[in-house]
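Here is the structure we will look at.
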Amino acid sequence: MDESSFTVGGALWINLCNTIANHNKKRADLLDNPEAAKRWLEVNELVLAQDRSKLDESDTWEQVSSRLHELRILSRTAISDLKKRESLSKTLLSSLDKILRDVMVHPNLVNKKEKWEIDFAGTNPIDHVTYHIIQSLLETVQTISPDRIRECEHENCILSFIDTSKSGRRRWCRMSTCGNRTKAAEFYARKKQNKG
Ligand SMILES: [Zn+2]
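One rule links them: number in the numbering used here = place in the sequence shown (from 1) + 972.
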């Protein structure tokens, strides 16, 4: 499993959109595989230590998985809303609000980079995941210009990311995969052209 794709989005909600990807030109859904989906949650720091064993209970996992599917649809809608109208639609906002109504979180003191901050933890794994993904979506909308949310330019790649580069000209989800493959293809195309 290539875990380097788990966080290329640069925000939790885009990372969630990226759980649908192309593998060898075929569409693959990471959420179809519970073990991979759990790894995705771990890598994205969405599992509290006390919740780890709960995720292995089938009832809980079903609820987490169904919430992730639901949030992924909404996150993909958010990307298309931002592309089309540069803001979230009322329909989307009311869907998010409806989900949040049943979510319970409590504040915790946490030490981040030597600073004490208040963080919110869900009272169960479903609420924890839900709160943080929706929070991440709103944070992006408030702080990032919509034109900085891009899709990778590699022809077979459908991953999205936030371009935080100074120049604003990032083209690929990852240089190590899509960037190098595209550059190599461009190089050979030029070489062929020169010969002809
Ligand atoms: Zn890519």
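Backbone N, C-alpha and C fix where the C-beta goes; we use that ideal spot for every residue, glycine too.
Residues near residue i by beta carbon distance below 8 Å, same chain, minus five either side
i, result
"T1095", "M1076, V1077, H1078"
"A1050", "W985, L1060, L1064, L1109, V1113"
For residue i, three-class secondary structure by DSSP
i, result
"I1051", "helix"
"K998", "strand"
"K1062", "helix"
"E1111", "helix"
"F1133", "strand"
"H1100", "helix"
"A993", "strand"
"D1074", "coil"
"I986", "helix"
"K1056", "helix"
Cα-Cα separation between residue i and residue j, rounded to whole angstroms
i, j, result
"W1144", "S1132", "9 Å"
"S1148", "R1039", "32 Å"
"S977", "N1016", "11 Å"
"E1089", "Q1035", "30 Å"
"E1086", "L1018", "21 Å"
"E1007", "A1157", "34 Å"
"S1037", "E975", "19 Å"
"D1074", "K1062", "20 Å"
"C1124", "K1070", "32 Å"
"L1068", "A993", "24 Å"
"K998", "C1129", "10 Å"
"G1151", "K1164", "20 Å"
"S1047", "F1159", "36 Å"
Residues near residue i in its chain [Cβ-Cβ closer than 7 Å; skip 5 each side]
i, result
"R1162", "none"
"V1093", "Per the sequence shown, the amino acid found at residue 1093 is Ala instead of Val. Correct list, in chain order: L1020, V1077, H1078, N1080, H1100."
"D1004", "none"
Nonlocal neighbours in the same chain, by C-beta distance under 6 Å from residue i, ignoring five residues either side
i, result
"D1119", "none"
Contact between the region 973-988 and the region 1035-1046 (3+ Cβ pairs under 8 Å): yes
Neighbouring residues (CB closer than 7 Å to any heavy atom of ligand 1): C1124, H1126, C1129, L1131, W1144, C1145, R1146, T1149, C1150
Quick test of the definition: if touching needs 3 or more C-beta pairs under 8 Å, does the region 1046-1066 touch the region 1029-1037? no
Give a yes or no on contact between the region 973-985 and the region 1105-1112, applying the rule of three or more CB pairs nearer than 8 Å. yes
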